[in-house]
Structures are given as structure tokens and as C-alpha cells.
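To start, the structure itself, in C-alpha cells.
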Amino acid sequence: MTAMLEVDDLSVSFGGVHALRHVSFKAEVGAIVGLIGPNGAGKSTLLNCISGITTPSGGAIRLDGQALRRITPDALAARGVGRVFQHPDLVGELSVLDNLLIARHRSLRYGLLAEWLGLPRVAAGEREAERMVRGVAARLGLEPLLHAAASSLPYGHRKLVELGRAMVMESRLFLLDEPIAGLNESEIEKLETIVRALREQPGVAVVLVEHNMGLVKRLCDHVVVLDAGQVIARGSAGEVLSDPKVLLAYLGEETADAP
Ligand code: ADP
Ligand code: MG
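Under our numbering, read the sequence shown as residues 2 to 260, first letter to last.
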């Protein structure tokens, strides 16, 4: 079976910094792949390459067996790749509701002419879009914030809106960069339930960058460990977290929840 996502021998350098060196991994449908490693290991760079923001200097990325080359973030979203950035990227002056509606509209298709003429199916589509968006917002606990400007939200909640955006676009591949940073315990539990539910949806795969090892253990089917741009271990969470190479890589890290 072809993996939904295949990263093959990927390298990236920024000037003299080798952010990624010959990195390979796969994400299969129905699985959550954890991507862990100390700060600066290259995790966000890897997600940036997959989402078309950073151009790799070598290697290949395949989605459903097809190479992704010079693809724009919009084209990628149309192919079902949804993303929660480490630093959220919303339309700050617009409300949470509008940010979600824009995302939903991107994934709906009625021609511009129909929209301009205000045809009934467009109006019905609008109502359906709003119903769907409100449903996702409720699952994420964002209902009370629907009319707040995205820029007024705390960091953790902006990330939840990004996850909502990927959900309303009915993404198939979710790339989540530290999705629980900035959330309190009950919000983390909610997010955990949602990520589990995403995995249960037919045809969905998740890549999760996370520092909270408890969450990694509970959620991830497979874990890839990066250090200084290289894969230093892979396996189940239990296996990699007891690997001396991994423990050594984390030594000196000041992250309180490192293993
Ligand atoms: P992580 O997400 O694992 O903490 P990053 O992918 O953000 O790590 O960074 C990996 C390395 O690449 C770091 O040394 C970082 O300073 C460098 N880096 C990341 N993005 C850029 C950039 N746009 N320009 C130059 N260096 C970068
Ligand atoms: Mg990062």
C-alpha cells in the first residue's frame, strides 16, 4: 500500500546551517506519526517543506505517491493538507467565524458567476457552510469566541482556530506543530480527543510535532526522533523514549516535560 505521505532523503540548508539531513519517514492512513526532538532539531522545517513553504535542497516528498514539487500552500490545501503552524497564521483582523468560513469556502466549489448572481444554491451552500463551521467550533470549545478578532485571542486558542480551519477544509493529512502549546489541561484533553477522532476518520493521517511526551505516548502509533537535522531513532513511543541516543539528545534541554 502506498503511504499517504512519503518523505524521502530530504535535506534543507539555510546558508551554512543544515536544518535537515537525509530525512525519510512515512505517514500511513489511520495513523498518528509523532515527530519529536530537542529545540532546533528541524521539526518545523520538515513540516514547512511538506507544506510548500520551504524548498528543500535535496530529496523528495510524495503525497499519494505523487511528488510534490514547487506546490503553493493553497494548491496543497486543495489536495487535503491541513496545517497548524507553530506560530499561528490567521487573518488577524477577521473574526474566528470568518476565518473558519473563508477556509470552508475554499473547499466549496460554486462558480464565481453563480456567486455573483446570488443563485439559491449559493445561499443554501452558505447556510450549510455556517452550520458546519459552527459545529467544528463547538467541538473545539471555540463557540464563545466566534465573534472575537483572531488577533485578540491568546496563542493557544489561535492554534485551535488553525486546527478548526484544517477540519472545516476536510483535510486528509493534518500537520500539527505543537498544537497544545498555550492550552490548559482541560483544553489539552479536548484536543487529544479531537486528534484521536481525526485518526478514526476514513482516509486521514496525522503528523504531530510535540514536546509533551505523555501526549506523544498516548497518541502516536509511530515516533520519529530528529536531532540536529537527522533521524536518530524511530519506533513506538516506548521504544524511542528508552533509547539512550534519544535521552542523550534531550540532555541539556530545558523543556520541563522532556523525557
Ligand atoms: P524545531 O522546530 O525542531 O525547533 P526548526 O525547524 O525551527 O527546529 O529549526 C531547525 C534549524 O534551522 C535551527 O537551527 C534554526 O535556527 C534553523 N532555521 C529554521 N528556519 C530558518 C530560516 N528561515 N532561516 C535560517 N535558519 C533557519
Ligand atoms: Mg519548531
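For every residue, glycine included, the Cβ atom is placed at its ideal position computed from N, Cα and C.
Rounded separation between residue i and residue j - CA only
i      : j      : result
Arg219 : His23  : 28 Å
Ile233 : Leu216 : 20 Å
Ala250 : His223 : 19 Å
Ala4   : Leu36  : 17 Å
Gly1   : Cys221 : What is shown of the chain runs 2 to 260, which leaves residue 1 out entirely.
Ala259 : Gly38  : With a pLDDT of 46 at Ala259, under the threshold of 50, the modelled position of this residue cannot be trusted; read the value that follows with caution. Distance between the alpha carbons of Ala259 and Gly38: 9 Å.
Ala32  : Ala130 : 28 Å
Glu163 : Thr73  : 18 Å
Gly236 : Leu248 : 15 Å
His69  : Val8   : As written in the sequence, residue 69 is Leu, which differs from the His given in the question. The straight-line gap from Cα to Cα measures roughly 10 Å.
Assumed close pair residue i, residue j - CB separation to whole angstroms, cut-off 8 Å
i      : j      : result
Met214 : Leu242 : 6 Å
Gly183 : Pro155 : 6 Å
Gly93  : Ala167 : Gly93 to Ala167, Cβ: 18 Å. No contact.
Gly60  : Asp99  : Contact doesn't hold; Cβ gap of about 38 Å is too wide.
Leu101 : Ala138 : 6 Å
Ala125 : Arg107 : About 18 Å; that fails the 8 Å criterion.
Met133 : Val82  : The pair is not a contact, with the Cβ atoms about 19 Å apart (cut-off 8 Å).
Chain-order list of residues whose beta-carbon lies under 8 Å from that of residue i (same chain, five-residue window excluded)
i      : result
Leu6   : Lys27, Ala28, Ile51, Ile62, Arg63, Leu64, Leu174, Ala206 and Val208
Gln67  : none
Asp178 : Lys44, Ser45, Leu48, Arg84, Val85, Phe86, Gln87 and Val210
Option in the options with minimal Cα separation from residue i
i      : options                           : result
Pro145 : Val92, Gly239 and Ser96           : Ser96
Glu127 : Val34, Arg105, Ile181 and Val226  : Arg105
Gln202 : Arg70, Ser172 and Ala229          : Ser172
Leu252 : Arg235, Ser25, Ser237 and Asp228  : Asp228
Ser25  : Gly41, Arg107 and Gly230          : Gly230
Gly41  : Ser237, Asp244, Arg235 and Val226 : Val226
Ser58  : Asp244, His148, Ala76 and Phe15   : Phe15
Own chain, CB closer than 6 Å to residue i, minus 5 neighbours either side, in chain order
i      : result
Arg84  : Ser52 and Leu176
Ser152 : Gly93
Thr256 : Low local confidence applies: a pLDDT of 49 at Thr256 is under 50, so the model's placement there is unreliable, with the coordinate-based value given in what follows. These residues qualify, in order along the chain: His212.
Close-in-space but distant-in-sequence residues of the same chain around residue i (CB under 7 Å, 5 per side omitted)
i      : result
Arg80  : Leu64
Thr46  : Val13, Ala20, Leu21 and Thr55
Glu188 : Gly142 and Gly157
Leu199 : Phe175, Val205 and Val207
Leu91  : Asn100, Ala151, Arg159, Val162 and Glu163
Outcome for residue i when other beta-carbon atoms lying within 10 angstroms are tallied against a minimum of 16
i      : result
His88  : exposed
Lys246 : exposed
Val268 : This structure leaves residue 268 out entirely; the chain is present only between 2 and 260.
Leu141 : buried
Glu211 : buried
Val18  : exposed
Gly165 : buried
Arg159 : buried
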